[in-house]
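These notes are about the structure you will find just below.
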Amino acid sequence: MGNTKLRVLRIGPKNYPPDHGGVEKNASLLVQLMPWIENHVFTEQEPREALPRVWVLPKGFMSQVKQLRQYAARNHIDIVHAHKETFIPLALCLKLCGYPCVVTVHGCAWRLRRWPRRIRVLLFLLDVVACWLMDATVFVGEHDYRLFRRIVPHKRLHLIRNGVTTDERKESQRTDRAVYLGRLSPEKNIVALIEAATAAGLQLDLYGPLDRRDAEFQLRIKYALDNSKYVKWMGKVDAANIEDTLGKYRIFINPSFSEGMPTSVLEAASQGLFLVLSDIAAHRVLGLPGCLYIDPNNLSLQDVPSEVEMLHRKGRANRQHVKTRFSIQKTIEAYDELYGSLS
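Using my numbering, the first residue of the sequence shown is number 4, and each one after it goes up by one.
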């Protein structure tokens, strides 16, 4: 391991350091845990603090192309790595300038029903373009990878699952409340989750940022919360505190309609939580042993178990499963091998 002196230009994490999990945290882990690579990061939002080799993308596509091209030339960049589907056109422009390009698809956005059909078609075509033209296209979700292997059957497609840290932490006192951690957005099925928890009398804490793109959805969430004495919104959690926060609970719930590779589920499993997950392919393929699957289209939490010893036993099994199959070290090794093949 250790492709020394490689310079990788990363495009697409919304912020760095990350404000929460998901794409932002996954990209930041690659930076932090591959110190033998010189990482250069361009984010969508202004960094909270001045950091070396971390910059914000300018507005406008042509301005972005110009800045990235000049920056890559000036800093002798070896590989360009885009971490978001909407940056595939930028990566393609840099590939035309002679830079090897990697795109990681952190879940196919065209699967989300919230977007109009024409947007979903465009996002699907972007994925196809990436598969055909990029030097490497990485999928974090096995069901997405299998689909595009049928469409574009060549060796430039890779399955590299998200990984999580699996260090043993000091066991903390756990609450009987359940927890959800992630974005509060329509595709995550949050309103139905609040209503189902209320109907079942299940105490639930929600962590994560509100979806700022949909004002009507924000109002629906606030209305549902105002009408529930069981569910509380606890605000955002800093990425560095996610594991410690999850470790205070016994039950984690994720009722989403669609996922790529659900990192928050793996993080919860790594902390020994029992899982209540929507019955979708992205959850089933994880093979987690301590899990209850629920229908996201007809959400009910009436069957969520409460027996402490059983939850503890199943939680331990989840922790061991993640440690064996989804450690961050395996992710790092796979990307290191990929970068080495392109340099």
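For each residue, glycine too, the CB sits at the ideal point set by N, CA and C.
None of these values were measured; they are calculated from a predicted model.
Cβ contact check for the segment 142-159 and the segment 212-228: 3 or more pairs under 8 Å
Segments in contact, no.
Using the C-alpha atoms, what's the distance from ASP247 back to GLY275?
12 Å
Expected contact under 8 Å - CB spacing of ALA2 and GLY144 to nearest Å:
The chain is shown only over 4 to 346; residue 2 falls outside these bounds and no answer can be derived.
In chain order, which beta strand (DSSP E) runs of at least 3 residues are fully inside the segment 67-106?
82-85
Quick one: Cα of GLU49 to Cα of HIS324, how far?
Between the alpha carbons of GLU49 and HIS324 lies a gap of roughly 37 Å.
Residue range of the beta strand (DSSP E) that TYR210 falls in?
First-last of the beta strand (DSSP E) with TYR210: 207-210.
Assuming contact is defined by CB atoms lying nearer than 8 Å, are ILE40 and VAL83 in contact in what I supplied?
no
Same chain, Cβ closer than 8 Å to LEU269, five either side skipped, listed in chain order:
ASN165, GLY166, VAL167, LEU289, VAL325, PHE329
Excluding five sequence neighbours on each side, which residues of the same chain lie with their C-beta closer than 8 Å to the C-beta of ASN214?
Per the sequence shown, the amino acid found at residue 214 is Asp instead of Asn. Closer than 8 Å at Cβ, skipping near neighbours: ARG186, LEU187, SER188, PRO189, PHE220, GLN221.
How about the segment 297-307 and the segment 114-133: do they share at least three Cβ pairs that are nearer than 8 Å?
no
What three-state label does DSSP hand VAL34 in the structure shown?
helix
Could you give the DSSP three-state label for GLU41: helix, strand or coil?
In the displayed model, GLU41 falls within a strand according to three-state DSSP.
Beta-carbon within less than 6 Å of ASP81's beta-carbon, same chain only, minus the 5 sequence neighbours each way: which residues are those?
LEU9, ARG10, SER346
What is the DSSP secondary structure of ARG159, counted as helix, strand or coil?
coil
Report all residues from its chain with a CB closer than 6 Å to the CB of LEU302; omit the five preceding and five following residues, and keep chain order.
ALA195, ALA199, PRO258
Starting from the C-beta of PHE127, find all residues in its chain whose C-beta is less than 7 Å away, skip the five residues before and the five after it, and write them out in chain order.
The answer, listed in chain order, is TRP113.
Inter-residue CB distance, ALA85 and VAL106 (contact presumed, cutoff 8 Å)
5 Å
Hey, could you find the ends of the beta strand (DSSP E) ASP147 is sitting in?
Segment 145-154 is the alpha helix (DSSP H) holding ASP147; no beta strand (DSSP E) there.
Under the three-state reduction of DSSP, which class applies to THR168: helix, strand or coil?
coil
Could you work out which residue in LEU129, GLN206, HIS146 is closest to ILE256 when comparing CA atoms only?
GLN206
How would you label ILE122, buried or exposed, when you count the other beta carbons within 10 angstroms and need 16 or more for buried?
Result: exposed.
Bounding residues of the beta strand (DSSP E) (the contiguous stretch that carries PRO235):
As written in the sequence, residue 235 is Lys, which differs from the Pro given in the question. 234-236 is the span of the beta strand (DSSP E), which, as asked, contains LYS235.
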